[in-house]
Structures are given as C-alpha cells and as structure tokens.
Amino acid sequence: MKRINVLLLIAILVMSVFSSPLAMLAQSEEVVAKVNGVDITRQQLLDLLEAEYGYYALQDLIQKELVRQRAEELQVSVDEDEFMETYGLIVAQFGGPQALAMVLMQNGLSEGQFIEQLKWNMLVASLAGAEVEVNEDELKQWFEQNRSWYDQPFAVEVSHILVDTEEQANEILAQLEGGADLSELAAEHSLDPGTAPMGGYLGLVTEGLTVPEFEAVAFALEEGQFGLAESAYGWHIITVHSKQEAVAADYAAIAHLVEQDYRRTKALDSQSYLFKLEQEADLEVLWPAQ
C-alpha cells in the first residue's frame with residue numbers, strides 16, 4: 000500500500016512541475032531541505048523520484064487512462080450504494096473507523112487515498128465483469144450447477160444455553176418451562192461466550208452449521224418448544240423461535256443476480272484485465288526520452 004502513496008505523490012509533483020514551462024523554471028531551484036548548510040532543491044527531489052519511481056508512476060497513469068477510456072466506452076461506473084456497503088464491510092472487518100484510521104496511518108495513507116484506491120479496484124472489477132460474454136443458456140446451466148447458492152434451505156431460528164451437566168440442564172429447562180426469562184438465564188449460566196451476552200440467541204441454523212446432536216433436536220422441535228441435547232461441548236437447552244421452510248430458487252426472479260455472480264466468477268482478475276487493456280491499446284511510451 001505504501002507504493003500507492005508514493006505514486007500519488009509523484010503524480011502530484013509531476014503535474015505541478017510540468018504543467019507549465021515557466022512554473023518548472025521558477026521552481027526548479029526551490030530549496031526543500033538544508034543539510035548542514037547545503038541546499039537540497041526541489042529539482043533534485045524530482046530527479047530522484049523520477050529515477051526511482053518514474054516507471055511505476057507512468058505505468059500507473061497509463062493504466063488509469065486506459066480504465067477511464069474503457070469505462071466511458073462501456074458506460075460503467077461505481078455504484079455509490081454498492082461502494083458505501085463495501086466500505087462499511089471493510090471498516091467493520093478492521094474493527095471500526097478508528098482501527099482503520101490507525102492501519103492507514105501506519106501505511107502512510109489518508110482515508111481519501113484509501114477510498115480512491117478502493118473505488119479504482121471496484122471499477123476495474125466491474126469493467127472486467129462487464130466484458131464477460133453472457134448468453135441465457137449458459138446462465139441457466141450455471142444457475143442449476145450452483146443452486147445451493149440461491150435455494151433457501153430449511154432453517155430454524157434458535158437460542159440455547161450451554162452448561163456442563165445434565166442435572167443443571169434439567170434444572171434450567173424446568174425453569175424455562177415454568178416461565179423464567181431465557182435471556183436472563185443465558186446471561187447467568189451459559190458457557191457459550193458468543194451467545195450468552197445476547198440472551199443465548201444463535202440465529203438461523205441450517206443443516207451442517209452446528210454439531211449433529213444439536214441439529215437433531217433443534218430441527219425436531221416445534222416453535223416455542225424447549226429441548227435438551229448433549230454434544231462434545233456440553234449440554235444444550237434449546238428453544239425454537241421460528242422455522243424457515245425450504246424454498247427452491249426461481250431463476251426468473253433472480254436472473255439479474257445470477258448474471259452478476261456469473262460475471263464475477265468468470266471475469267479476469269484485476270492484474271490480468273489491466274494487462275489485457277494494455278495489449279489491446281495503441282500504446283506509445285515516450286519515456287525515458289531517447
């Protein structure tokens with residue numbers, strides 16, 4: 000990520016210096032540092048940056064222009080709602096805005112630079128997907144091959160309290176059947192650190208998501224019922240809040256989603272796509288000057 004930061008700095012410096020010959024002449028001897036009385040000029044800095052990073056900066060600028068042209072040609076842009084959703088997920092994965100800000104600072108990036116790079120990555124991915132050839136027969140065949148992605152499986156919405164012994168499980172079960180508050184008992188007794196703070200709430204459980212002993216009881220219970228199950232983790236006092244019946248996906252209703260997923264899975268990765276754009280372009284590189 001540091002290289003992105005350096006390249007952006009170079010691009011800004013190059014544009015500011017070479018935007019006008021007069022500006023270049025006026026600023027070429029500007030002093031940017033003094034070392035024991037010896038001047039280091041802006042021109043020295045620019046010469047070093049160009050020598051060290053010029054190739055990467057030029058490649059970056061070329062790729063950005065190729066992407067801009069192709070995006071304009073295909074009328075592809077980054078959807079703002081999709082961007083905000085993606086950005087929100089990234090912030091959450093890093094542990095919140097402050098944690099992300101710390102990571103960016105450690106890597107020499109501002110939030111604005113990070114957002115710009117994220118939008119760039121999303122645009123390249125969208126372009127790569129947009130260039131995937133699609134026909135209805137292939138989409139339907141791919142949908143059938145990947146039905147598990149779209150079919151709604153049978154699921155139960157459950158809460159549980161995990162304890163060590165059968166005796167304690169039966170005591171808590173009796174309290175629950177007598178009208179005791181599930182959330183309070185879970186907070187007080189449950190050994191499951193993930194659900195105890197949430198009143199024992201586990202959410203929707205589908206086949207294979209939890210251990211078989213738990214699922215056998217959970218799937219057999221009616222809504223509002225309580226049951227016991229023993230697993231390698233201990234004894235579970237389980238209750239079912241609701242059931243979600245299995246529903247087969249209707250291709251016609253989600254064809255747009257299927258197409259999006261198909262394009263994503265078939266598209267070139269970003270580096271391969273950028274290489275493809277370079278190979279297809281009428282590209283003439285004149286730097287360094289001969």
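Residue numbers for the sequence shown follow numbering that gives the first Met the number 0, beginning at 0 and rising by one. C-beta atoms are modelled at their ideal positions from N, C-alpha and C, and glycine is treated no differently. This structure is a prediction, so every number in the text was calculated from the model and none was measured.
E222 places its beta carbon less than 7 angstroms from that of V239. If you compare the alpha carbons of V216, L161, Q97, L117 with that of Y232, the shortest gap goes to L161.
By the beta-carbon neighbour count (other beta carbons within 10 angstroms, threshold 16), T164 is exposed.
Checking the DSSP bridge columns, you'll see E229 partnered with W234. For S271, the number of other beta carbons within 10 angstroms of its own is below 16, and it is reported as exposed. Across the structure, D38 and E49 are spaced so that their CA atoms are roughly 19 angstroms apart.
Between the alpha carbons of A56 and G107 lies a gap of roughly 17 angstroms. Annotation: the continuous alpha helix (DSSP H) that includes G87 extends over 79-93.
When secondary structure is reduced to three states using DSSP, V216 falls in the helix class. Cβ contact annotation for V257 (same chain, cutoff 8 angstroms, sequence separation greater than five): L138, W141, F142, Y149, Y250, in chain order.
Annotation for A173: the continuous alpha helix (DSSP H) segment containing it runs 165-176. One alpha carbon belongs to L47, the other to E130, and they sit about 39 angstroms apart. In the DSSP annotation of this structure, Y200 is not part of any alpha helix (DSSP H); the continuous beta strand (DSSP E) holding it starts and ends at 200-205. Its chain contains E156 as the residues whose beta carbon lies nearer than 7 angstroms to that of G202, once the 5 sequence neighbours on both sides are disregarded; these appear in chain order. Per DSSP, L161 lies in no alpha helix (DSSP H) segment; the continuous beta strand (DSSP E) that holds it begins and ends at 154-162. In the three-state scheme derived from DSSP, where H, G and I count as helix and E and B as strand, A248 is classed as coil. In terms of CA proximity to E187, G199 leads the group G178, V133, G199. In this structure, the straight-line span from the alpha carbon of V66 to that of L273 is close to 8 angstroms. Inclusion of I171 and L184 in the CB contact set at 7 angstroms is warranted, their separation being smaller than that value.
Contact annotation: V34 and L44 have beta-carbon atoms that are not nearer than 7 angstroms.
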